[in-house]
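J.: Below you will find the structure I want to go over with you.
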């Protein structure tokens, strides 16, 4: 599965680089490529990605490890692609392409804490944003 993920990211990088090269020098457009990181519960296929009630509870350390593996694939694919670019494309890549990690629909407070800690520890130079699920205005779904 890791190879498929990296290949998908490579295709996005190739298309984005080609598009950016087609822009005139007057166009100051930047393109953002985002990795969507969903909740651990999504792999359970039981609806727990919406309520945070994971049938087999994961510790914060386990959740960090799970998300780190997925985020690492994204970063490795970017690095590998970048290392293959000739200088003129590398300049386009560096000037016109940004990266973002999106934490989406995270319903579990422990998982949200794990992701935030991981992103602060491991990925401080990439833009990050999150979308969390709350039971009410003051509480996570779980």
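Residue numbers (the working numbering): 1 to 142. Idealized CB from N, CA, C, for every residue including glycine. Please read these numbers as outputs of a predicted model, since none were measured by experiment.
#1: Can you give me the start and stop residues for the beta strand (DSSP E) that residue 14 sits inside?
#2: Under 7 Å, do residue 50 and residue 107 count as touching if we go by C-beta distance?
#3: To the nearest whole angstrom, what separates the beta carbons of residue 82 and residue 75, a pair I think is in contact under 8 Å?
#4: For the beta strand (DSSP E) that contains residue 36, what are its first and last residues?
#5: Inspect the CB distances between the region 64-78 and the region 15-22 and report whether three or more fall short of 8 Å.
#6: When you compare each of 68, 95 and 33 to residue 121 by their alpha carbons, which one comes out closest?
#7: Go ahead and pull the three-state DSSP assignment for residue 73.
#8: In three-state terms, what does DSSP make of residue 103?
#9: In whole angstroms, what separates the C-alpha of residue 59 from that of residue 65?
#10: Is the distance from the Cβ of residue 32 to the Cβ of residue 98 below 7 Å?
#11: According to the neighbour-count rule (16 or more other Cβ atoms, all chains shown, within 10 Å of its Cβ), is residue 101 buried or exposed?
#12: Which term fits residue 78, buried or exposed, when burial requires 16 or more other beta carbons within 10 angstroms of its beta carbon?
T.: Per the coordinate set shown:
#1: Where residue 14 is concerned, there is no enclosing beta strand (DSSP E), although the alpha helix (DSSP H) it sits in stretches over 2-22.
#2: yes
#3: About 11 Å separates the two Cβ atoms, so there is no contact after all.
#4: 31-37
#5: no
#6: 68
#7: helix
#8: strand
#9: 10 Å
#10: yes
#11: buried
#12: buried
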